[in-house]
Structures are given as C-alpha cells and as structure tokens.
Amino acid sequence: MANLVAENLSYSYSKRSKPALNKVSVAIKPGTLTALVGPNGAGKSTLLRLLQGQNFPDKGYITIDGKKLRSVRSQVALMPQRSSMNWRFPITVEKLVSLGQVKYSKSKNINSFQIKSLLVNPNSWINKCCELEATMQRVGILKLANRRLDTLSGGQQQRALLAKTLMSPARILLLDEPCASLDPPAKDDFLKIVRQLADIGLSLIVSSHDWGSSLNSYDQVVVLDKTVLASGTPDSIKSKLDDINISSINDNNY
Amino acid sequence: MTFINNWWLIPLIITIFSGILCPAMGTVLITHRRLLQVNLISHCVLPGLALALALGIHPSIGGVISGLLGSVIAESLTNKKSENYEAVMNTILAGMLGFGVLLIPLLGIRIDLEAVLFGDLLTANLSDLLRTFIAFLTFILLITFGYEKVVYVGLDPEGASASGINVSLLNLALSFTTALVIVSSMSAVGVILVIALLSTPTLLGLYKAQSLRIAMMKSSFFGLCISLLGFILSIVFNLSPGPAISVICVASLVIPKLSEYFKTFFKA
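Chains P and Y, in that order, give the protein sequences.
Under this note's numbering, the first residue of the first sequence is numbered 681, with each subsequent residue one higher.
Under this note's numbering, the first residue of the second sequence is numbered 20, with each subsequent residue one higher.
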C-alpha cells in the first residue's frame with residue numbers, strides 16, 4: 681500500500697516565468713482512483729512530473745508512506761501524453777510494452793514489485809500483470825503485438841502506452857490525459873481497467889479534460905488551476921462548482 | 020607487400036566499411052530525430068583539422084574534438100523545448116565553417132579543402148583505413164552495450180529519463196560516435212557528402228522494419244550496394260568517388276518513384 685502526500689508544492693520552469701504551480705497540496709490514499717481536472721495550462725502535467733520525480737519542486741515536499749520521493753521513486757510510474765512519444769520509431773507493440781519493465785535507476789526499491797501480493801482475486805487477470813501477454817490481452821492489444829507503432833490508431837497507441845505503464849513495478853500510476861483520443865466505448869473500457877487496478881490497491885491519478893458524468897467513476901477529484909481550487913468526492917465537487925472560479929475551464933469548453 | 024601494391028585494396032575496404040557504418044549510424048540518428056546534427060558536425064570539423072595540423076597533432080583528433088564541441092555548444096544554447104535548435108544549429112554551423120576557413124591562412128597551413136569536403140577515396144592510405152576501423156569499432160561497442168538504451172531514448176526520451184537512463188550522456192555518446200563516423204568518412208566521401216550516405220540508405224532501410232536492429236541491417240545493406248556501385252563506377256569512368264556515391268544515393272530515391280509514376284501513367 682502506498683500513501684502519497686504532496687505538501688505546498690510550488691514550481692516555475694525558470695526564474696523569470698510565472699509559477700506553473702503554487703502551493704499545491706494533495707493526498708492520495710492506496711486503492712483510490714483520483715481525477716486531476718483543470719483547463720489547459722493549469723499545471724496538470726507539471727504536477728504529475730513532480731509527483732513522478734522527473735522535476736523537483738522549488739518549494740514543498742513529496743513523500744510516499746512517509747519516505748522522501750527520491751528514495752522510493754520506482755514506486756511511481758508515469759504514463760506520458762501520447763504526443764510526447766516518437767510513434768515513427770521502428771518498434772513493435774510487444775517491444776514497447778516490454779520496455780515498461782526496464783529500470784536503470786539505482787533506487788533501492790527496484791525489485792519491490794508487489795502487485796501480486798495486493799491481489800484480492802487470484803484468478804483475476806492482474807495475477808499475470810507482470811506477464812507481457814496477459815497485460816496486452818487485458819488492454820485489448822494482444823492481436824497487435826507484432827504491429828509497428830505507426831500502423832496503430834490513436835486509441836490503440838494509448839492502450840499500448842497503458843500496457844507499458846502496467847508492466848512497471850510501481851504502486852502509484854500517474855496517467856497524463858489517457859482518454860484524450862479515445863472514443864466513448866474505449867474510454868468506458870479504459871475506466872473499467874483503471875478501476876480494477878484501484879480495487880486491488882494501486883493508487884491512480886488520472887489527469888483529464890472530462891468535466892462531465894465520467895467523473896463519477898473516480899473516488900476523488902482534484903480541480904487544479906495553478907493551485908488546488910477544490911478537492912473531494914465527485915458529488916462534493918459538483919456541489920462546490922458554483923463557488924469555484926472556473927471561468928477559464930468554461931472558456932475552454934470543459 | 021602485395022597488400023600495399025594493390026592500390027585499390029585499401030579504398031575498397033574503406034568503401035565497404037563506410038558503406039556499412041554510415042547508414043547504420045544514420046538509422047540511429049534519424050530515429051532519434053537528430054539527423055540535422057550530422058550537418059552541424061560535418062561543418063564543424065574544419066577548425067579542428069586546421070588547428071591539429073598547426074599543432075602537429077593527427078588531424079582526425081582535432082576534427083572529432085571540434086565536431087563534438089560544435090554539437091555541445093549548439094545543444095547548450097538550445098532552449099529546453101528545442102524550439103530554437105535549428106536556428107542555433109545553423110548559426111554554429113556557419114560560424115565554425117567560417118572560423119575554419121579563416122584559420123587556414125592565419126595559421127599558414129596547407130589543407131586540400133576539396134579532399135576534406137568531397138573525399139579522395141582512391142588515394143586513401145593505411146591511416147585512413149585505421150580511422151575507419153576505430154569508428155566502426157566505437158559504433159559496434161555503442162550498439163552492443165547500449166542498444167536497449169538507444170531504443171528507449173529514441174522512442175520515449177522522458178520515459179527513458181524517468182527509468183534512470185542518463186539521456187544527456189547517451190546523446191553525448193551519440194554525438195561523439197557521429198563525429199568519429201564523419202571524420203572517418205573524410206577519405207571516402209568527404210565530410211559534406213557523407214550526409215547522403217547517412218540519410219539515403221536509411222530511408223530505404225526504415226521501410227517496414229520491425230525493429231531498430233533490422234532497420235540498421237537493411238540500411239547497411241543498401242549503403243553497401245550504393246558505395247560499391249559508386250566505387251566501381253568511379254574506377255571504370257575515372258570519376259570522383261564521393262560525388263559519384265552521392266549521385267547514386269539521389270538516384271536510388273528518385274528512380275523507384277519515377278518507375279512507380281510511369282507504371283501508373285501507362286496503366287491509365
């Protein structure tokens with residue numbers, strides 16, 4: 681189980697630029713599915729990078745089960761936005777997914793792959809999460825295993841990325857706009873998969889532009905616009921909507 | 020000393036190794052979206068060559084250092100999002116080439132600029148052959164020990180960095196190997212025309228390749244065919260091998276397109 685706590689995070693990309701994040705605090709309990717919503721430029725991707733340890737906050741700190749993030753970085757995996765990948769690279773889907781297992785970090789927790797021990801149902805597909813085939817089968821890309829990445833549709837590429845992230849030993853998964861290019865059925869299917877992962881004890885933070893009914897699929901919602909505007913259950917957030925200054929969200933048709 | 024007396028043997032071996040090495044290196048660079056760096060490094064070797072000659076060092080060492088320096092300067096002046104990389108690269112490229120041209124008369128040295136820029140394969144000697152072997156060996160070592168990392172960084176630089184790969188160090192190793200390959204190709208095709216040998220076979224080799232390794236092997240096969248054809252034509256028709264290889268590179272891209280066009284035209 682992994683409790684993620686981020687306290688008073690502030691971050692600027694350079695000394696001259698305005699802060700991308702200002703005093704952001706979030707707490708993620710094990711086995712929860714959290715939506716991170718906000719307009720473009722709200723700092724969602726920036727926050728996910730800080731939580732993954734790719735960038736370091738100017739102020740504030742991040743801990744997992746009370747330990748500093750630097751010492752337990754392998755417990756967090758980030759699924760990047762589709763646009764950050766080089767999809768024309770000559771590689772098959774199977775090879776891409778297998779890269780999720782690759783760890784070159786010298787962190788002490790590299791081998792702390794505990795998904796199996798988190799299982800509540802031994803017959804569940806996740807029992808074979810560490811196996812390439814089972815992972816690809818669950819996200820529906822097994823038949824595409826030998827296809828090159830540039831022959832996949834946007835939705836298929838997104839599922840391949842999810843499979844790659846699932847191959848990592850991490851217990852906290854950060855998914856950066858994974859539903860961005862999925863059609864409604866694929867999106868529902870995706871949310872079912874992440875729900876299963878949360879149910880077995882993994883913590884997931886999913887950044888999203890979806891401000892609609894699909895928020896009900898999450899346990900917790902964090903509304904971000906440089907700082908945390910609101911956080912809580914989907915119902916409590918909806919009731920607070922009138923009080924939250926989300927003009928920028930509405931301007932962007934969320 | 021039959022080996023030395025056969026004047027065509029060293030140029031032939033260099034042709035074979037350059038024909039295999041350049042396209043393989045080009046495949047890595049194209050898939051890493053770093054092919055523009057070849058342009059940069061190839062133009063940056065001149066000041067190093069001139070300085071090395073003036074100081075009495077082997078010109079190849081100066082060329083590699085100078086090429087690498089140009090690449091490092093360009094990367095350090097580029098912003099984080101690489102938005103200004105092309106403009107910075109072209110500035111450094113022009114500046115270093117100009118600096119090299121200025122150095123030659125200032126240092127009072129003699130360099131056969133035509134041979135450096137466009138190659139003089141048929142006069143290649145054992146020193147050129149050794150240079151080619153060193154570049155070949157360096158590339159083999161890079162791929163043998165760093166293949167997985169090269170794949171990961173080319174596919175997903177952020178993910179590779181997050182998984183603990185030192186992306187900057189790998190990029191530096193790629194720049195160093197690229198500089199070595201370019202300098203080693205000086206005698207075969209020259210530092211300018213090497214761009215064709217790094218790019219064209221790669222475009223052919225990448226087609227439908229299922230992995231970087233297969234793409235490199237296919238590119239090297241096409242590169243070898245092109246180089247050998249250029250070598251033979253330059254001997255038979257008394258041509259300069261570097262430009263001949265470059266023209267064949269262009270033809271190998273244009274001819275299939277033209278034949279496709281004519282097939283469609285006559286079918287219609």
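Using N, Cα and C, we set each Cβ at its ideal position, and we do this for glycine too.
{"Query": "Residues that Leu824/P contacts on chain Y, provided the C-beta gap is smaller than 9 Å", "Result": "The contacting residues do not exist; Leu824/P stays about 13 Å from chain Y at best."}
{"Query": "Secondary structure of Arg696/P, DSSP reduced to three states", "Result": "coil"}
{"Query": "Any C-beta of chain P under 7 Å from that of Phe171/Y", "Result": "The sequence as given places Tyr at residue 171/Y; Phe does not occur at that position. Yes, its Cβ sits closer than 7 Å to a Cβ of chain P."}
{"Query": "Distance CB(Glu177/Y)-CB(Pro760/P) smaller than 7 Å", "Result": "yes"}
{"Query": "Exposed unless 16 or more other CB atoms sit within 10 angstroms - verdict on Pro802/P", "Result": "Note that Pro802/P scores a pLDDT of 41, beneath 50, so its modelled location is shaky and nothing firm can be said."}
{"Query": "Cross-chain neighbours of Thr974/P in chain Y, by beta carbon under 9 Å", "Result": "As shown, chain P starts at 681 and ends at 934. That puts residue 974/P outside it, with no answer to give."}
{"Query": "Cβ pair Phe155/Y, Leu40/Y closer than 7 Å", "Result": "yes"}
{"Query": "Residues of the region 154-185 of chain Y whose Cβ lies closer than 9 Å to any Cβ of chain P, in chain order", "Result": "Glu167, Lys168, Val170, Tyr171, Gly173, Leu174, Asp175, Pro176, Glu177, Gly178, Ala179, Ser180, Ala181, Ser182, Gly183, Ile184, Asn185"}
{"Query": "Own chain residues within Cβ distance below 8 Å of Asn735/P, not counting five before or after", "Result": "Tyr691, Thr726, Arg729"}
{"Query": "Residue of Cys63/Y, Pro220/Y, Ile162/Y, Leu231/Y minimising C-alpha distance to Leu116/Y", "Result": "Cys63/Y"}
{"Query": "Cβ-Cβ distance between Val170/Y and Met44/Y below 7 Å", "Result": "no"}
{"Query": "C-alpha distance - Ser764/P paired with Leu871/P, whole-angstrom precision", "Result": "22 Å"}
{"Query": "Residue closest to Leu846/P, alpha-carbon to alpha-carbon, out of Asp830/P, Gln876/P, Gly892/P, Ile744/P", "Result": "Gln876/P"}
{"Query": "Leu126/Y, buried or exposed, once every other Cβ within 10 Å from all chains shown has been counted against 16", "Result": "exposed"}
{"Query": "Residue closest to Ile852/P, alpha-carbon to alpha-carbon, out of Val704/P, Arg753/P, Asn688/P, Leu689/P", "Result": "Arg753/P"}
{"Query": "According to DSSP, residues forming a beta bridge with Asp139/Y", "Result": "Answer is none; Asp139/Y lacks a bridge partner."}
{"Query": "Same chain, Cβ closer than 6 Å to Ser203/Y, neighbours up to 5 away in sequence not counted", "Result": "Arg150, Thr151, Ala154"}
{"Query": "Validate contact between the region 232-247 of chain Y and the region 216-224 of chain Y using beta carbons, cut 8 Å, 3 pairs", "Result": "yes"}
{"Query": "Chain Y contacts from the region 756-768 of chain P (Cβ-Cβ distance under 7 Å)", "Result": "Leu758, Pro760, Ser764, Met765, Asn766"}
{"Query": "Endpoints, the alpha helix (DSSP H) within which Gln817/P is located", "Result": "812-818"}
{"Query": "Residues from the region 885-901 of chain P in contact with chain Y, defined by Cβ distance under 7 Å", "Result": "none"}
{"Query": "Backbone CA spacing between Asp175/Y and Val135/Y [nearest angstrom]", "Result": "36 Å"}
{"Query": "Helix, strand or coil at Tyr166/Y according to DSSP, with G and I counted as helix", "Result": "helix"}
{"Query": "Among Gly38/Y, Glu102/Y, Arg232/Y, the one whose alpha carbon lies nearest that of Ile162/Y", "Result": "Arg232/Y"}
{"Query": "Secondary structure of Ile821/P, DSSP reduced to three states", "Result": "coil"}
{"Query": "From Gln732/P, Arg750/P, Leu779/P, residue whose alpha carbon lies closest to that of Val756/P", "Result": "Gln732/P"}
{"Query": "Cα-Cα separation between Asp879/P and Gly173/Y, rounded to whole angstroms", "Result": "35 Å"}
{"Query": "Any C-beta of chain Y under 7 Å from that of Ile744/P", "Result": "no"}
{"Query": "Interface residues of chain P facing Arg52/Y [CB-CB closer than 8 Å]", "Result": "Asn766"}
{"Query": "Check whether Leu248/Y and Ile274/Y have beta carbons under 7 Å apart", "Result": "no"}
{"Query": "Exposure of Thr197/Y, with buried meaning 16 or more beta-carbon neighbours within 10 Å", "Result": "buried"}
{"Query": "Exposure of Asp856/P, with buried meaning 16 or more beta-carbon neighbours within 10 Å", "Result": "buried"}
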